[in-house]
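First up is the structure itself, then whatever we jot down about it.
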Amino acid sequence: MSDPNCIFCKIASKQIPSTLLYEDDLVVAFKDIAPQVPVHVLIVPKAHVSGLDGLREEHKALIGQITLVGQKLARDLGVAESGYRMVVNSGPDAGQTVFHLHFHLLGGAPMGGKMV
Ligand code: 5GP
Ligand code: ZN
772 MSDPNCIFCK IASKQIPSTL LYEDDLVVAF KDIAPQVPVH VLIVPKAHVS
822 GLDGLREEHK ALIGQITLVG QKLARDLGVA ESGYRMVVNS GPDAGQTVFH
872 LHFHLLGGAP MGGKMV
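Residue numbers for the sequence shown follow my numbering, beginning at 772 and rising by one.
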């Protein structure tokens with residue numbers, strides 16, 4: 772399912788261009804438009820899911836796939852050994868700005884203080 776007003780649905784269906792790094796039946800991964808660190812990739816489901824709070828039982832395989840795609844991209848992009856984070860912001864207190872589920876893959880530089 773796709774939301775006609777959703778920017779990540781448009782990226783996933785290639786109506787809006789992005790630097791696409793990975794694609795399969797379930798997910799796409801593309802470079803963040805405003806990278807916070809040298810490696811900043813967004814991994815998103817092709818189907819519209821609003822965020823962590825929109826997940827249901829039927830999405831179990833999807834979440835597994837997103838995590839494994841993050842691992843693969845970290846290796847391909849050369850940050851698996853130096854280290855990386857996968858981060859999901861959910862809701863206003865976490866600063867979520869795009870309401871289509873996305874995992875940030877971050878790496879390529881020390882990320883300083885730990886939040887958790
Ligand atoms: P959030 O703040 O919701 O966790 O993350 C949204 C992310 O999407 C931000 O890091 C922002 O830079 C990125 N972003 C927003 N619009 C676009 C876009 O049109 N293209 C790409 N590649 N990234 C985007
Ligand atoms: Zn969407």
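We put the beta carbon where it would ideally sit given N, CA and C, even for glycine. Bear in mind that the values here come from a model prediction, so they are computed numbers and not experimental data.
DSSP-derived helix/strand/coil call for Val810: Position 39 of the sequence shown, counted from the first residue, corresponds to residue 810. In the structure shown, the three-state DSSP call for Val810 is strand.
Got a sec: does the ligand ZN put a non-hydrogen atom nearer than 8 Å to the Cβ of Asp774? As a position in the sequence shown, residue 774 is number 3, starting the count at 1. With a cutoff of 8 Å, Asp774 counts as near the ligand ZN, since its C-beta is closer than that to a heavy atom of the ligand.
Please classify Phe870: does DSSP put it in a helix, a strand, or coil? Residue 870 sits at position 99 when you count from the first residue of the sequence shown. If DSSP states are grouped into helix, strand and coil, Phe870 belongs with coil.
Taking contact to mean 3 or more Cβ pairs, one atom from each stretch, closer than 8 Å, check whether the region 779–789 and the region 824–834 are in contact. No, the region 779–789 does not touch the region 824–834.
Validate contact between the region 843–850 and the region 805–814 using beta carbons, cut 8 Å, 3 pairs: The count of Cβ pairs closer than 8 Å, one atom from the region 843–850 and one from the region 805–814, reaches three, so the stretches are in contact.
Would Ser821 pass as a contact of Leu872 if the rule is Cβ separation under 9 Å? As a working note, residue 821 is residue 50 in the sequence shown. As a working note, residue 872 is residue 101 in the sequence shown. Going by C-beta atoms, Ser821 is nearer than 9 Å to Leu872.
Please classify Ile837 as buried or exposed, where buried requires at least 16 other C-beta atoms within 10 Å of its C-beta. Numbered from 1 along the sequence shown, position 66 holds the residue referred to as residue 837. Under this definition Ile837 is a buried residue.
Candidates Ile787, Asn860 and Val798: which alpha carbon is nearest Met772's? If you number the sequence shown from 1, residue 772 lands on position 1. Closest option to Met772, judged by alpha-carbon separation, among Ile787, Asn860 and Val798: Val798.
Helix, strand or coil for Arg856, going by three-state DSSP, please let me know. Taking the sequence shown and counting its residues from 1, one reaches residue 856 at position 85. It is a strand residue.
At a cut-off of 8 Å, would you count Ala783 as near the ligand ZN, judging by its Cβ distance to the nearest heavy atom? By one-based count along the sequence shown, residue 783 stands at place 12. Ala783 Cβ: within cutoff of the ligand ZN.
Distance between His875 and Ala805 (C-alpha atoms, nearest Å): As a working note, residue 805 is residue 34 in the sequence shown. As a working note, residue 875 is residue 104 in the sequence shown. Going from the Cα of Ala805 to the Cα of His875 covers about 12 Å.
May I ask whether a heavy atom of the ligand 5GP can be found less than 8 Å away from the beta carbon of Ile778? Taking the first residue of the sequence shown as position 1, residue 778 is located at position 7. Ile778 has its CB nearer than 8 Å to a heavy atom of the ligand 5GP.
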